[in-house]
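J.: Numbered by this note's numbering, the letters in the sequence shown go through residues 3 to 240 in order.
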Amino acid sequence: MSPRVSIVIPFYNCPYVPQAIQSALNQTYHDVEIIVVNDGSSRHAELLQPYLPYINVLGKSNGGTASALNHGIRHASGEYVVWLSSDDCLYPDKIRHQLAFMQRENVLVSHTNFHYINEHSAATKLNAGPAPMADLDWLRLFVNGNPVNGCTVMIRKDLFSGVGLFDELLPYTHDLDLWLRILLNGHRFPYLNEPHTAYRWHGGMGSVRHADVIGREASMVWSRYREPLLQRIAVLGG
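Rendered as structure tokens:
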């Protein structure tokens, strides 16, 4: 029996959302549920209209990406959850390859390589993710960085009952916070070095417009977890 995978797409005033939805519909793995969480959009909601027979749209008042993700996760019927930003795209074999990888590795979470694309969907950098490295070296990257692209992650839904959902008080670094909680709970977080996501870099994206605020918020998250993370690295031989 193939497990169901829920693709959660938080949507807020994003003109690229049809491409994200279409990429989810184009998956070569067939037991896929597509959940679009309309996070109180005032623009572009009409773009969802052609896809309504094929997707599950959840509406809510605007609360930010973490709250939209959590809303989608709570309503997901899949055994696994994939986060897809409304301005990004999945490549067709994403679900099939990553699910098989996780089953081989016997893990509850994983991430993959990715390509950068621009506002016209043209690739601007191939295999933009980190090079494969030893687990301990990878863990060290989290002391001052975030080597995981959130839109490449697949998570077994039952992992959330152990580590909690995204922190809705963190508008921009809820992903970093969750990855650190997963790692500090002792879970492996392996890397599939295959590009399965197209990550769109454009002037309207939050990480461009709010870079200063994101930097301050990330510093707060790192300071919260750095000491236990360093202790874990030391225990593991680092």
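Ideal Cβ placement from N, Cα and C applies to all residues, glycine included.
Should S112 and F168 be called a contact, given that it needs their Cβ atoms to be closer than 8 Å?
T.: Not in contact: S112 and F168 (Cβ atoms no closer than 8 Å).
J.: Hey, out of V39, N129, V59 and M104, whose CA is closest to S87's CA?
T.: Cα-wise, what sits closest to S87 is V39.
J.: Taking C-alpha atoms, which residue in R6, P17, V10 and P12 lies nearest to G2?
T.: The shown model of the chain, from 3 to 240, leaves out residue 2, and the question about it has no answer.
J.: Which value, in whole angstroms, describes the spacing of the CA atoms of G166 and R76?
T.: Taking the straight line from one Cα to the other gives about 12 Å.
J.: Inspect the beta-carbon positions of T114 and T30 and report whether they are closer than 8 Å.
T.: Result no, Cβ atoms of T114 and T30 do not sit closer than 8 Å.
J.: Take L138 as the anchor and find which of L185, K127 and A125 has the nearest alpha-carbon.
T.: Nearest option by C-alpha distance: L185.
J.: Report the three-state DSSP secondary structure of Y118 (helix, strand or coil).
T.: Three-state DSSP puts Y118 in a strand.
J.: Tell me which residues share the same chain as E170 and place their Cβ nearer than 6 Å to its Cβ, disregarding the 5 neighbours each side in the sequence.
T.: A68 and S69, listed in sequence order.
J.: Measure how close the beta-carbons of S79 and S8 come, nearest whole angstrom, since I'm counting them as under 8 Å.
T.: Between S8 and S79 the Cβ distance is about 6 Å, and since that is below 8 Å, they are a contact.
J.: May I ask you to list the residues that DSSP assigns as paired with C16?
T.: Partner(s): none; C16 has no beta bridge.
J.: Select from P173, V84 and L49 the residue whose C-alpha is nearest the C-alpha of E35.
T.: The residue with the shortest Cα to Cα distance from E35 is V84.
J.: Considering only C-alpha positions, which residue in the set G217, W203, L27 and H73 is nearest to V120?
T.: Note that residue 120 corresponds to Asn in the displayed sequence, not to Val. Here the closest residue by C-alpha is W203.
J.: Tell me the rounded alpha-carbon separation between C153 and K96.
T.: Their backbone Cα atoms lie some 11 Å apart in a straight line.
J.: In chain order, what residues of the same chain lie with their CB nearer than 7 Å to the CB of D90, ignoring the 5 residues before and after it?
T.: Excluding positions up to five away in sequence, the list reads A22, C153, T199, A200, Y201 and R202.
J.: Using the Cβ count rule (16 or more neighbours within 10 Å means buried), how would you classify K62?
T.: Classification of K62: exposed, given that the 10 Å Cβ count is below 16.
J.: List the endpoints of the continuous beta strand (DSSP E) containing E196.
T.: Run containing E196: Y193 to R202, per the beta strand (DSSP E) assignment.
J.: Look up K272 in the DSSP assignment and give the residues it is bridged to.
T.: Here the chain has residues from 3 to 240 only, and residue 272 is not among them.
J.: With a cut-off of 8 Å on the beta carbons, I'd call I235 and L141 a contact; round off their distance for me.
T.: Between L141 and I235 the Cβ distance is about 6 Å, and since that is below 8 Å, they are a contact.
J.: Check the DSSP bridge columns for R158 and list the partner residues they point to.
T.: DSSP output for R158 lists Y82 as bridge partner(s).
J.: Among Q24, Q105, A220 and S44, which one has its Cα closest to the Cα of P94?
T.: Nearest of Q24, Q105, A220 and S44 to P94, Cα basis: Q24.
J.: Alpha carbon to alpha carbon, what distance is there between G74 and Q2?
T.: Nothing about residue 2 can be reported from this structure: the residues present for the chain run from 3 to 240 only.
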